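Colleague: Start counting the sequence shown at 0; every next residue gets the next number (numbering that gives the first Met the number 0).
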Amino acid sequence: MQTQLLKEFETIYNKKAEHIYFSPGRVNLIGEHIDYNGGLVMPCAITFGTYLIVATNNEHKFRFRSLNFSENLDISIQTSYIKSGETWFNYPLGIINNFIKDGHQIQGLDMLFYGDIPISSGLSSSASIEVVTSYALNHQNKCGYNKLDLVKLSKNVENNFIGVNCGIMDQFAVAFGEKNKALMLNCNTLEYKAVEFEMGDYVLAIINTNKPRKLAGSKYNERVIECNTALYSLQKELSIQHLCDIDTGVFIKYQSLIDNAIVKNRAKHVVEENDRVKLAAMALSNNNLKEFGNLMYASHASLRDLYEVSGIELDTIVEYCKTDDNVLGARMTGAGFGGCAIALVKHVAFDEFSDKVSTYYKNIIGYAPTVYQSLIGNGVSELGI
Ligand code: GLA
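This is the structure we're talking about:
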């Protein structure tokens, strides 16, 4: 793969590449829509991701090319940039903008991007491209940021340049991911532990609904607002900073402070999901994969019924999984509104599972999903050239 990409770079720019960087995508095992509520999440980096191949230039220009998209951009070094329509290069452009805003002198750079994360699949292709760009710029220009600074800068770009009010989970996972490990991340304190994800006879399947995601960003922002509304209501009597500062017991006691039934449901999901992550961590440390699987199913039901970010495509996959004895648990992963589900599937039965879930889904939805066996990989890094 790397050799091929270096050749492509040479053909496009008519010069040799100087560095190649890689940042993965991610799946989240459990703890959905709670990172922006100060909750606990359990993501892992996957082996699909974004490659960035670069060489400096002396023409004070940034050049953006991608092997996935036809739009290109050549732009002079300026004091600031603004978002340009809905194109892919807004992500790296936003990153450069933030480096410059922070007072860094950035050298002209010829860039070639290539991603093998299915687009719009909810596996964090946007965090992946943000983090690979910030990692590369930091390295090329010796800006002195540490990895956590790059995570925060990338999240800031997503929030303020792209306009999606996401939490920190995705950028954190693609930067700090470790092979075969899940990250237990506290999104309030940003403390984390990388723990071995022991799956025994099971493997992690990713099932892409292949549903085009429309308006996902605006529906996502709507959920963030609903959570803030719930928080303000609870703050009338509770001195808390985030919804995840309380557990289910306290929520039951104070839930009547929230008038709106929909907003109450959103908050109920958040508080219960945070408690589920604690139980999931315990199940993992006791090697109780069955219990972990049950918590995955419960998480999905809550995202479907209380948080309303699932949909017939994701629900159909999870419904199938419940009927298959070779599956321990399944749920949607990431923001939802389409995208991917994950499932814990018996290794020896993986191919059979893949066929059966595909047939079941196609019969109901009308087109096939794509099923992958997921490997848990490392976070962002420079690859040897
Ligand atoms: C998206 C966001 C994350 C997180 C998830 C839902 O992936 O980027 O910050 O909120 O949705 O858990």
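Glycine included, each C-beta is placed from N, C-alpha and C at the ideal position.
In this text the structure is predicted, and so the values were computed from the model without any measurement.
Out of Asp274, Ile224 and Cys339, point me to the one whose CA is closest to valine 262's CA.
Modeller: Residue Ile224 is the option with its Cα nearest to valine 262.
Colleague: Can you give me the start and stop residues for the beta strand (DSSP E) that cysteine 339 sits inside?
Modeller: Unbroken beta strand (DSSP E) run through cysteine 339: 339 to 345.
Colleague: Are the beta-carbon atoms of isoleucine 375 and glutamate 312 separated by less than 7 Å?
Modeller: Not a contact, by the Cβ cut-off of 7 Å.
Colleague: Counting pairs of beta carbons, one from the stretch 150 to 160 and one from the stretch 17 to 25, are three or more of them closer than 8 Å?
Modeller: No, the stretch 150 to 160 is not in contact with the stretch 17 to 25.
Colleague: Considering only residues of the stretch 292 to 370, which uninterrupted alpha helix (DSSP H) runs meet the minimum length of 4 residues and lie entirely inside it, listed in chain order?
Modeller: For the stretch 292 to 370, whole alpha helix (DSSP H) runs of length 4 or above, ordered along the chain, are 311 to 322 and 349 to 364.
Colleague: For histidine 32, does the three-state DSSP call read helix, strand or coil?
Modeller: Of the three classes helix, strand and coil, the one that applies to histidine 32 here is coil, per DSSP.
Colleague: Give a single yes or no on whether aspartate 169 has its beta carbon closer than 6 Å to a heavy atom of the ligand GLA.
Modeller: Answer for aspartate 169: yes, Cβ within range of the ligand GLA.
Colleague: Can you check whether the CB of alanine 280 is closer than 7 Å to the CB of leucine 28?
Modeller: No, these two residues do not count as a Cβ contact at 7 Å.
Colleague: Here's the rule I'm using: 16 or more other beta-carbon atoms within 10 Å means buried, otherwise exposed. How should histidine 346 be labelled?
Modeller: It is exposed - the Cβ of histidine 346 has fewer than 16 other Cβ atoms within 10 Å.
Colleague: Is the beta carbon of glutamate 290 closer than 7 Å to that of isoleucine 33?
Modeller: Going by C-beta atoms, isoleucine 33 is not nearer than 7 Å to glutamate 290.
Colleague: With a threshold of 6 Å, establish whether the CB of glutamate 221 neighbours any heavy atom of the ligand ZN.
Modeller: With respect to the ligand ZN, the structure offers nothing, as its ligand set consists of the ligand GLA.
Colleague: Inspect the beta-carbon positions of valine 163 and glycine 216 and report whether they are closer than 7 Å.
Modeller: In contact: valine 163 and glycine 216 (Cβ atoms closer than 7 Å).
Colleague: For leucine 242 versus asparagine 36, is the C-beta spacing smaller than 7 Å?
Modeller: Yes. Within cutoff.
Colleague: Residues in its own chain within less than 6 Å of asparagine 264 by CB, not counting five upstream and five downstream?
Modeller: Around asparagine 264: Leu305.
Colleague: Under the three-state reduction of DSSP, which class applies to histidine 18: helix, strand or coil?
Modeller: Three-state result, histidine 18: strand.
Colleague: Distance, Cα to Cα, valine 308 vs tryptophan 87?
Modeller: The alpha-carbon atoms of valine 308 and tryptophan 87 are separated by roughly 24 Å.
Colleague: Determine the direct distance from the alpha carbon of cysteine 186 to that of tyrosine 371, and round the result to whole angstroms.
Modeller: Approximately 28 Å between the Cα atoms of the pair.
Colleague: Less than 6 Å separating the Cβ of alanine 334 from some heavy atom of the ligand GLA?
Modeller: The answer is yes for alanine 334.
Colleague: Less than 7 Å between the C-beta atoms of alanine 348 and alanine 340, yes or no?
Modeller: Not in contact: alanine 348 and alanine 340 (Cβ atoms no closer than 7 Å).
Colleague: Just how far apart, CA to CA, sit histidine 299 and glycine 199?
Modeller: C-alpha separation (whole angstroms): 23 Å.
Colleague: Decide if the stretch 71 to 84 is in contact with the stretch 139 to 148; the criterion is three or more beta carbon pairs, one per stretch, under 8 Å apart.
Modeller: Touching, no.
Colleague: Within a Cβ cutoff of 6 Å, which residues of the same chain sit near valine 150, ignoring the five residues on either side of it in sequence?
Modeller: Excluding sequence neighbours, valine 150 sits near Gln170, Phe171 and Ala174.
Colleague: Use the C-beta contact count for alanine 367: other C-beta atoms within 10 angstroms, 16 or more gives buried, fewer gives exposed.
Modeller: That one is exposed.
Colleague: Quickly, what does DSSP pair valine 379 with across the bridge? List them, please.
Modeller: DSSP, once it has assigned bridges, lists no residue as partnering valine 379.
Colleague: Nearest-angstrom Cα distance between leucine 256 and glycine 335?
Modeller: Their Cα atoms are separated by approximately 28 Å.
Colleague: Taking C-beta to C-beta, are leucine 288 and leucine 233 nearer than 7 Å?
Modeller: No. Outside cutoff.
Colleague: Would you mind listing the beta strand (DSSP E) stretches within the stretch 174 to 240 that are 3+ residues and don't spill past its ends, in chain order?
Modeller: Here the runs fully enclosed are 180 to 185, 191 to 195 and 201 to 207.
Colleague: Any idea if glycine 378 is buried or exposed, counting beta-carbon neighbours within 10 angstroms, 16 or more meaning buried?
Modeller: It counts as buried.
Colleague: Between aspartate 34 and the ligand GLA, is the CB less than 6 Å from at least one heavy atom?
Modeller: Result yes, Cβ under 6 Å from the ligand GLA.
Colleague: Tyrosine 12: which of Phe47, Phe352, Tyr50 and Ser65 sits nearest, CA to CA?
Modeller: Tyrosine 12 has its Cα closest to that of Ser65, out of Phe47, Phe352, Tyr50 and Ser65.
Colleague: Given this structure, state the Cα-to-Cα distance separating isoleucine 95 from serine 301, to the nearest angstrom.
Modeller: Each residue's alpha carbon lies about 38 Å from the other.
Colleague: For serine 255, would you say it is in contact with chain C, using Cβ-to-Cβ distances shorter than 7 Å as the test?
Modeller: Of the protein chains in this structure there is only one, and it is not chain C.
Colleague: Is it right to say aspartate 109 is buried, meaning 16 or more other beta carbons lie within 10 angstroms of its own, or is it exposed?
Modeller: With 16 or more Cβ atoms within 10 Å of its Cβ, aspartate 109 is classed as buried.
Colleague: Between alanine 204 and isoleucine 167, what straight-line distance do the alpha-carbon atoms span, to the nearest angstrom?
Modeller: Those two C-alpha atoms are separated by around 24 Å.
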